[in-house]
Amino acid sequence: MNDNTILVINCGSSSLKFALFNAAELDCVASGLAEKLGTTGAVLTIKIGNSKSTTSLAHADHSIAIKSVIESLTSMQLLIKDPLGIGHRVVHGGEAFSNSVLIDNRVIAEIEKCSALAPLHNPANLLGIKLMAELYPSAPQVAVFDTAFHQSLPQASYLYPIPYHLYTEHGIRRYGFHGTSHQYVAELAANKLNKPLDKCNLITAHLGNGCSVTAIKQGLSVDTSMGLTPLEGLMMGTRSGDIDPGLFEFLCTTGMNSESINQMLNKESGLKGLSGETNDMRTLFKLADSGNKRAALAIDVFCFKLAKYISAMAASLPAIDALVFTGGIGENADRIRATALGKLSIFGFKLSSELNKSNGLRSEGRITESGSTLAYVIPTNEELVIARDTLKSAKYRELPNQRG
Ligand code: ADP
Numbered sequence: 000m001n002d003n004t005i006l007v008i009n010c011g012s013s014s015l016k017f018a019l020f021n022a023a024e025l026d027c028v029a030s031g032l033a034e035k036l037g038t039t040g041a042v043l044t045i046k047i048g049n050s051k052s053t054t055s056l057a058h059a060d061h062s063i064a065i066k067s068v069i070e071s072l073t074s075m076q077l078l079i080k081d082p083l084g085i086g087h088r089v090v091h092g093g094e095a096f097s098n099s100v101l102i103d104n105r106v107i108a109e110i111e112k113c114s115a116l117a118p119l120h121n122p123a124n125l126l127g128i129k130l131m132a133e134l135y136p137s138a139p140q141v142a143v144f145d146t147a148f149h150q151s152l153p154q155a156s157y158l159y160p161i162p163y164h165l166y167t168e169h170g171i172r173r174y175g176f177h178g179t180s181h182q183y184v185a186e187l188a189a190n191k192l193n194k195p196l197d198k199c200n201l202i203t204a205h206l207g208n209g210c211s212v213t214a215i216k217q218g219l220s221v222d223t224s225m226g227l228t229p230l231e232g233l234m235m236g237t238r239s240g241d242i243d244p245g246l247f248e249f250l251c252t253t254g255m256n257s258e259s260i261n262q263m264l265n266k267e268s269g270l271k272g273l274s275g276e277t278n279d280m281r282t283l284f285k286l287a288d289s290g291n292k293r294a295a296l297a298i299d300v301f302c303f304k305l306a307k308y309i310s311a312m313a314a315s316l317p318a319i320d321a322l323v324f325t326g327g328i329g330e331n332a333d334r335i336r337a338t339a340l341g342k343l344s345i346f347g348f349k350l351s352s353e354l355n356k357s358n359g360l361r362s363e364g365r366i367t368e369s370g371s372t373l374a375y376v377i378p379t380n381e382e383l384v385i386a387r388d389t390l391k392s393a394k395y396r397e398l399p400n401q402r403g
């Protein structure tokens, strides 16, 4: 028997995020995170409304973590029977998926093929799919891809200017990520503009620990800052974003190898690398305000790169109906929005300091003066998009006559 719930699973290499939705209203009834899996410090945090509980899961692996989540949800009577559907965030769908799909053996084989492009993420995502299939063999499982929304990129945006056979033989091209978030905030921006999404030209900036900007032309992603991997583009929490590819060879002459360079560019760069302190923007603000010059420098470079990339996105658009800020930094850091917009007056942006302050801190709305090109803060909700797509696909499965 089915429950009227949708379970969303985001299985990372050492973490497991989940969210349980009521399928009727698509309200999130519980969410949580099991982190540091495989270590003594592994913990499971479950949030229901405003209350949070944390339990130790020392040495637990993904399988134990998933079972603990299900046991907790069951004991609280939030999950009684099988979920109506289980939605999985899958990082890389390559060129095979431009939409969310019901998972079957063919889909699993395709996700496996894409593992070469996302070796840290796709195997973990597949593990989540396998474990949930063992626990709920008859519940439909749906894969929602970070790359899917960007499958509309034109060749001029997705090809690297390197030998073409590297694209045809190895799939080396730009794919883009954070697709569910860009798509979600674009839909909400279209509502605010009172226009259908396919009539909207937008730039969306997802600024969390990972950061990317996307140009959306008449509802479709036409350029985005992340590429073959989520390392390309903007400066991020610990990732460098764009660097001169010649850096690689130069660093090899200093004794570094591909593994140490990869580690440095992904984990020790960005805000953390430049500040020498942390990737956390809140802490950087405090440090900069108390006179720490490197923290201030890291913030400056972050804002400059952001403004520069937003400008680059304009090259793909006939007009800018609105710029949208989202993600932990985009939603909360009014200083970052103000500094970036201050560098973009050429596009007609005039910040309203008052709206920028009042529409930060997880509330949403316009942050520009009347007469300005519009900019909004819109909180993202990737779990909701996954739940929505899962519900759609699960219902579709119930209608065998309509299946192609
Ligand atoms: P993730 O990409 O891991 O999901 P988030 O979207 O939660 O990350 O974003 C994390 C970033 O958001 C961190 O740099 C954090 O400091 C920043 N952030 C969160 N709240 C605030 C705030 N009130 N002011 C400034 N930055 C914030």
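Position 333 (the sequence shown) corresponds to 332 in numbering that gives the first Met the number 0; numbering is contiguous.
Glycine is no exception: its CB is placed at the ideal position from the N, C-alpha and C atoms.
Discussion item. DSSP three-state label for Gln76, please.
Written reply: For this step, residue 76 is matched to residue 77 along the sequence shown. Gln76 falls in the coil class under three-state DSSP.
* Would you kindly check if the distance between the Cβ of Asp197 and the Cβ of Gly178 is under 7 Å? => By one-based count along the sequence shown, residue 178 stands at place 179. By one-based count along the sequence shown, residue 197 stands at place 198. At the C-beta level, Gly178 and Asp197 stay beyond 7 Å of one another.
For Ile8, report the span of its beta strand (DSSP E) as first-last.
For the purposes of this step, residue 8 is identified with residue 9 of the sequence shown, where counting begins at 1. Ile8: member of the beta strand (DSSP E) spanning Thr4 to Cys10, first to last residue.
Is it buried or exposed for Ala228, if we count other Cβ within 10 angstroms and need 16 for buried?
In the sequence shown, the residue the question calls residue 228 occupies position 229. This sequence places Thr at residue 228; Ala is not what is there. Residue environment analysis places Thr228 among the buried positions, since at least 16 neighbouring C-beta atoms fall within 10 angstroms of its C-beta.
For Arg105, report the span of its alpha helix (DSSP H) as first-last. Taking the sequence shown and counting its residues from 1, the one referred to as residue 105 is at position 106. Arg105 -> alpha helix (DSSP H) spans Asn104 to Lys112.
ask   = Which first and last residues belong to the alpha helix (DSSP H) in which Cys251 is found?
value = As a working note, residue 251 is residue 252 in the sequence shown. Segment Gly245 to Cys251, the alpha helix (DSSP H) holding Cys251.
Checklist entry - Looking at Ala138 and Leu382, is the spacing between their C-beta atoms short of 7 Å? => result What you label residue 382 is simply residue 383 of the sequence shown in a count that begins at 1. What you label residue 138 is simply residue 139 of the sequence shown in a count that begins at 1. The sequence given here has Glu at residue 382, not Leu. Against a cut-off of 7 Å, the Cβ pair of Ala138 and Glu382 comes out as no contact.
Residue from Tyr135, Ile161 and Ala287 whose Cα sits closest to the Cα of Ile85 = Working through the sequence shown from its first residue, we reach residue 85 at position 86. Among Tyr135, Ile161 and Ala287, the Cα nearest to that of Ile85 belongs to Tyr135.
message = Out of Asn380, Asn200, Asp288 and Ile377, which one is the CA nearest neighbour of Ala314?
response = For this step, residue 314 is matched to residue 315 along the sequence shown. Closest option to Ala314, Cα to Cα, is Asn200.
* Beta-ladder partner(s) of Ser50, from DSSP -> Position 51 of the sequence shown holds residue 50. Ile47, per the DSSP bridge assignment.
Subject >> Pairwise C-alpha distance: Gly40 and Glu133 >> reply: Stepping through the sequence shown from its first residue, residue 133 is reached at position 134. Stepping through the sequence shown from its first residue, residue 40 is reached at position 41. Rounded to whole angstroms, Glu133 to Gly40 spans 26 Å at the Cα level.
**Item:** Contact under 7 Å by Cβ, Thr325 with Thr379
**Value:** Numbered from 1 along the sequence shown, position 326 holds the residue referred to as residue 325. Numbered from 1 along the sequence shown, position 380 holds the residue referred to as residue 379. Yes; because the gap between Cβ atoms is below 7 Å, this pair is in contact.
| request: Compute every distance between the C-beta of Ile107 and the non-hydrogen atoms of the ligand ADP, then say whether any falls below 6 Å. | output: By one-based count along the sequence shown, residue 107 stands at place 108. Flag unset: Cβ of Ile107 not near the ligand ADP.
Helix, strand or coil at Ala318 [DSSP, three-state]
Reading the sequence shown from its first residue, position 319 is the one you call residue 318. Three-state result, Ala318: coil.
Report the partner residues of Thr325 according to the DSSP bridge assignment. Translated into the one-based positions of the sequence shown, residue 325 becomes position 326. According to DSSP, residue pairing for Thr325 in a beta bridge involves His205.
Among the residues of its own chain, which have a CB less than 6 Å from the CB of Leu6, if the five just before and after it don't count? Taking the sequence shown and counting its residues from 1, one reaches residue 6 at position 7. Here the set comprises Leu19, Pro82 and Ile85.
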